[in-house]
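Numbering (the working numbering), first residue to last: 21 to 612. Even for Gly, the Cβ is constructed at its ideal location relative to N, Cα and C. Below: one structure, written as structure tokens.
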């Protein structure tokens, strides 16, 4: 559920936001017919699920009995469903939510039903997942896409409508918000009206096939609900994804004059879009304890809207062990966190015999976290305890999400200095990194805290005689992203500007020192696109070059080396790129 600003929207605007885990299933395969239909359920006993009651006094019933949705969004692979379903049941979970329904869904439905769990079964519509998810559709004119979905979705409903694992159908995810990535102004309004009208068309088709399960539609904020109220009267209930703002839903519902109940299909701790930036200008991730409190708060606010809020599928029963997994998952890499226990308590399950997660009460960076020299020693101070008195072990990891969008976590070797002090070597690439300390108890539980550090080029003794001098290059990228990226960007003393070349070998960048001068050290600050092989060359006339340093195994980041040279011109001559892109250099420092 990422999001950005809402141009031309008459309803209240959500804050700027971005994130997270990719979850849609293979809609393209469905539309192309590449996936085959599974066999119809033979003799399966499906449930009759209804929204009953009257204005402000609704409830969900399954086969006539009241049913409160105590759920989690589903993250593991379908193949692992039988492994995790018993754990979900032990947490008091009775419902999971998916974002797509297709031929691959049957084993998940089967496993859920075997363990007494039901599924809010999703159908993916573009541009789902909020802005940035791609797949812009013109809901006014693209009859081909709409007809495909009107055919595909009821087909899967017909396939699974008698399956005991199905609770309800959920059409779309955050597309009212996501349309702002495709349209603006009056056209955006027309598209939102057209999209929600189409959701109603799908709803009617589903009802015609399956009158025994409700239909809802999820969006990212209650500002989408006026469009559903206006254009989708056939929905049985509304649905919304809401995190730190979840306690505002009740007042929005009351002020909007709505006549349908709702469920919350994603909620939990505050997301990137809801927290203040830290000293390095990146979102300040909540602590493990704050995340656990976020789930408790969310459930209390949902259950506090009695007769209207029918429950929630909180985010996220996932095992991904990456940037988003650490932010939101209850069990990254299968290890349980404080938030896991918070959800279990919220859903009324017994936790009295559980061995629970370690608690990290402090994590700090010694020294200035806004100026950490690349490749130099970095010391962290931590305070961690275990409620069960278990022995604890530590791990330190790094993530470059705010540099290159890479969500993976990279382990860093650390030295335990005692008293909670851990020494590591700072990453070699400049920019803002996330540093994580993971504490495990050996019993399947984990505590994780994170801080950001801004890695900068290490200081060099001496004077940078290339600073501000005239620079030229074999090629320059004129546009795209943060470009133009000219040769001058590599000698301006700024780590935010760069030179970028064409995507071919060889390429070079040279600087005119103004006169024949001697130097003793070179420092290169590479962007993601680095040189695997290059030489440093000098010349007196800019025509005849002599090599004074050669590298054949470059790996990017900071290259620092001593070299003796004398000449008017100094150049870096790249002969082999380290990536499929060009050469990209933040700074080319030549020091006396």
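Counting only runs of 4+ residues, the alpha helix (DSSP H) found wholly inside the region 177-217 occupies 195-198, in chain order. Counting along the chain, residue 108 sits inside no beta strand (DSSP E); it lies in the alpha helix (DSSP H) bounded by residues 101-110. Judged by their CB atoms, residue 338 and residue 89 are not nearer to each other than the 7 Å cut-off.
Sequence-distant Cβ neighbours of residue 71 in its own chain, meaning closer than 7 Å and more than five residues away, are 78, 80, 234, 256, 257, 281.
Around the beta carbon of residue 238, 16 or more other beta carbons lie within 10 angstroms, which makes this residue buried.
Nearest in C-alpha terms to residue 194, of all of 186, 231, 205, 243, is 243. Apart from the 5 residues on each side of it in sequence, residue 358 sits with its Cβ closer than 8 Å to the Cβ of 308, 309, 311, 312, 376, 377, 379, 467 in its chain, given in chain order. Membership of residue 320 in any beta strand (DSSP E) is not indicated; the residue belongs instead to the alpha helix (DSSP H) covering 308-323.
Pairing residue 119 with residue 556, the inter-Cα distance amounts to about 53 Å. Beta-bridge annotation (DSSP): residue 78 is paired with 73.
Remark: C-beta atoms of residue 141 and residue 186 approach each other more closely than 7 Å.
Classified as buried, residue 511 has 16 or more neighbouring CB atoms from the shown chains inside 10 Å of its CB. In terms of Cα proximity to residue 530, the closest of 561, 248, 149, 465 is 561.
Per DSSP, residue 295 lies in no beta strand (DSSP E) segment and is marked neither H nor E. By the Cβ-count criterion, residue 520 is buried, with 16 or more other Cβ atoms from all chains shown falling within 10 Å of its own Cβ. For residue 359, there is no enclosing beta strand (DSSP E); the enclosing alpha helix (DSSP H) covers residues 358-366. Counted as a single uninterrupted DSSP element, the alpha helix (DSSP H) harbouring residue 275 occupies residues 269-276. When C-alpha distances from residue 92 are compared across 441, 105, 82, 83, the shortest belongs to 105. Annotation: residue 294 to residue 542 spans about 42 Å, alpha carbon to alpha carbon. Between residue 540 and residue 572, the alpha-carbon positions lie close to 21 Å from each other. In the three-state reduction of the DSSP assignment, residue 174 falls in the helix class. Spanning the alpha carbons of residue 416 and residue 574 requires a straight line of approximately 25 Å.
If you keep only unbroken beta strand (DSSP E) runs of at least 3 residues inside the region 431-505, you get 434-438, 441-445, 451-460, 466-476, 490-493. The three-state reading of DSSP puts residue 303 in strand, counting E and B together. Counting only the Cα atoms, residue 534 lies some 10 Å from residue 485. Annotation for residue 463: 375, 410 place their beta carbon closer than 7 Å to its own, counting only its chain and skipping 5 residues before and after. Rounded to whole angstroms, the gap between the alpha carbons of residue 590 and residue 393 is 25 Å. Three or more Cβ pairs closer than 8 Å define a contact, and the region 264-277 falls short of that threshold against the region 213-227. Between residue 335 and residue 427 a beta carbon distance of about 16 Å is seen, past the 8 Å cut, so the two are scored as non-contacting. Out of 593, 350, 100, the CA that lies nearest to the CA of residue 124 is found in 100.
Assigned with DSSP and collapsed to three states, residue 330 falls in strand.
Under DSSP, the beta-bridge partners assigned to residue 90 are 332. By the Cβ neighbour-count rule, residue 279 is exposed, with fewer than 16 other Cβ atoms within 10 Å of its own. CA-to-CA, the gap between residue 325 and residue 273 works out to about 10 Å. Residue environment analysis places residue 418 among the buried positions, since at least 16 neighbouring C-beta atoms fall within 10 angstroms of its C-beta. Cα atoms of residue 369 and residue 85: separation of roughly 20 Å, rounded to the nearest angstrom.
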